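*Asks:*
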Amino acid sequence: MKLGIISKWHVHAEEYAKCFSEMPHVTIKSVWHEEAAEGKAWAKQLNAAFVESWEDIINDSEIDGVMITSATTLHEKYMIAAAKAGKAIFTEKVLAADNASAERIAAAVKEAKVPFCIALRRRTEGRVRYAKQLMDEGIIGKLTHMRVRDAHNGATAGWLPDTFYDDSQTGGGAMMDLGAHPMYLVNYFMPNAVSVVSMYTEYTGHGTDDNCVSLIKGSNGEIAVAETGFVSANSPYSVELNGEKGCIRFSGLDEGMYVNGKYISKKEIPEGVKLPVYLFADAVEHGKELEFDIDSAVALTRLMDAGYRSAKSHKEELV
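Here the numbering used here is used: the first residue of the sequence shown is 43, the next is one more, and so on.
1) Tell me, to the nearest whole angstrom, how far the beta carbon of His223 is from that of Asp252; I am working on the premise that it is less than 8 Å.
2) What does the alpha-carbon distance come out to for the pair Glu64 and Glu104?
3) Where do the N-terminal and C-terminal ends of the beta strand (DSSP E) with Tyr305 fall, by residue?
4) Taking the C-alpha atoms as reference points, what is the distance between Glu179 and Met232?
5) Quick one: give me the first and last residue of the alpha helix (DSSP H) that Tyr362 is part of.
6) With 16 as the cutoff for other CB atoms within 10 Å, does Tyr226 come out buried or exposed?
7) If we ignore side chains and look at the alpha-carbon of each, how far apart do Ala130 and Phe322 end up?
8) Compute the beta-carbon to beta-carbon distance between Ala150 and Ile122, rounded to the nearest angstrom, for a pair I have assumed lies under 8 Å.
9) Give a yes or no on contact between the stretch 152 to 160 and the stretch 255 to 265, applying the rule of three or more CB pairs nearer than 8 Å.
10) Assuming Val340 contacts Ala148 (C-beta within less than 8 Å), just tell me the rounded distance between them.
11) Can the beta-carbon of Glu282 be found less than 8 Å from the beta-carbon of His67?
12) With a floor of 4 residues, list each alpha helix (DSSP H) that falls wholly inside the stretch 292 to 350, ordered by position along the chain.
13) Take Trp84 and list the residues in its own chain whose beta-carbon comes closer than 7 Å to its own, dropping the five residues that flank it on each side.
14) Taking 8 Å as the limit between beta carbons, can you name the residues of its chain near Met177, skipping five residues before and five after?
15) Which partner residues does Gly285 have in the DSSP bridge list?
16) Return yes when the Cβ of Ile100 is within less than 8 Å of the Cβ of Ala127, no when it is not.
17) Just to confirm, is the Cβ distance from Asn302 to Asn262 under 8 Å?
18) Measure the C-alpha to C-alpha separation of Arg171 and Gly298 and round it to an integer number of angstroms.
19) Is the stretch 331 to 347 in contact with the stretch 129 to 144, if contact means three or more CB pairs nearer than 8 Å?
20) Determine the burial state of Ser210: buried for a count of at least 16 other Cβ atoms within 10 Å of its Cβ, exposed for fewer.
21) Buried or exposed for Asn89, going by 16 or more other Cβ atoms inside 10 Å?
22) Are the C-beta of Asn234 and some C-beta of chain B separated by less than 8 Å?
23) Using a 10 Å radius around the Cβ and a threshold of 16 neighbouring Cβ atoms, would you call Lys71 buried or exposed?
24) Express the C-alpha separation of Lys357 and Phe62 in angstroms, rounding to a whole number.
25) For Ala348, which residues in the same chain have their Cβ closer than 6 Å to its Cβ, ignoring the five residues on either side in sequence?
26) Is Glu56 helix, strand or coil when you go by DSSP?
Written out as structure tokens, the structure is:
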């Protein structure tokens, strides 16, 4: 696969590019970034050419796929152009900041029938996938409540880039970025969400949400809690799934998990799957079906859109 990269805006762009550069069957042909000097230096590191315009990547017939790690609010422009040019698309979450934009991207991707992968990284983890398997087997009975927390201290400790507080680029704050992990895990374990009630605050005064909780109601009365923020130090990632017959829970405190009160060690948990970057490369190279597809991406945006509408309206909003 010959790959083009559009933008280094996202904090994970370098990580993804490094992964692609180390794959023997992938060649990063060209790179574009808004800041030319930074883009040229990055392209040199990747042994790729720097191009003056992102359209040069889209119009290059030799390029099979594009990695789009631009500002979220620019995803639609780049992705629709890429799809129309027949390029496979890999992107960081989220797909778009609102439903209308997500639906337009999805329509273009489906019409072009190009491979599409969004980086829903936590869904590749062994514990997450094993928990879903156990749920499907009925080990905790019908789901009644779930909670996912994923937070860090990027705002209070001052290590997040200023761009992450600019809603014109991100489409939102902590929930739009880090909160994507709890939100897509809600979709994974409770795919029948119907409404959201949110409270998002601006604890550090950066002008965007940095301390967030959303309550999500399922069609059968289940409740999910999605928590995130940029203002919590040493706050372990945690997942709790409660059902009529039991509970599954695990956290970043160790690599095991508890199932109905019994501790399951790491060695007893099946391994996860490859990270999304590798799954994307396999799909383009070998035609393998992608789990983290455009429908998964749209579903995430739908929860996000409802969450932000609720935070603004102070009311329950439909998904």
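A virtual CB, placed ideally from N, CA and C, is assigned to each residue, including glycine. Just so you know, these numbers come straight off a predicted model, no measurement behind them.
*Replies:* Answer, in terms of the structure:
1) That pair is no contact at about 16 Å.
2) 20 Å
3) 304 to 306
4) 15 Å
5) This structure cannot settle anything about residue 362, because the visible part of the chain is limited to 43 through 361.
6) buried
7) 9 Å
8) 4 Å
9) no
10) 5 Å
11) no
12) 318 to 328
13) Lys50, Val73, His75
14) Leu185, Phe231, Leu283, Gly285, Ile290
15) Leu185
16) yes
17) no
18) 13 Å
19) yes
20) exposed
21) exposed
22) Structure shown: chain B not included; a single protein chain is present.
23) buried
24) 43 Å
25) Val238, Glu359, Val361
26) helix
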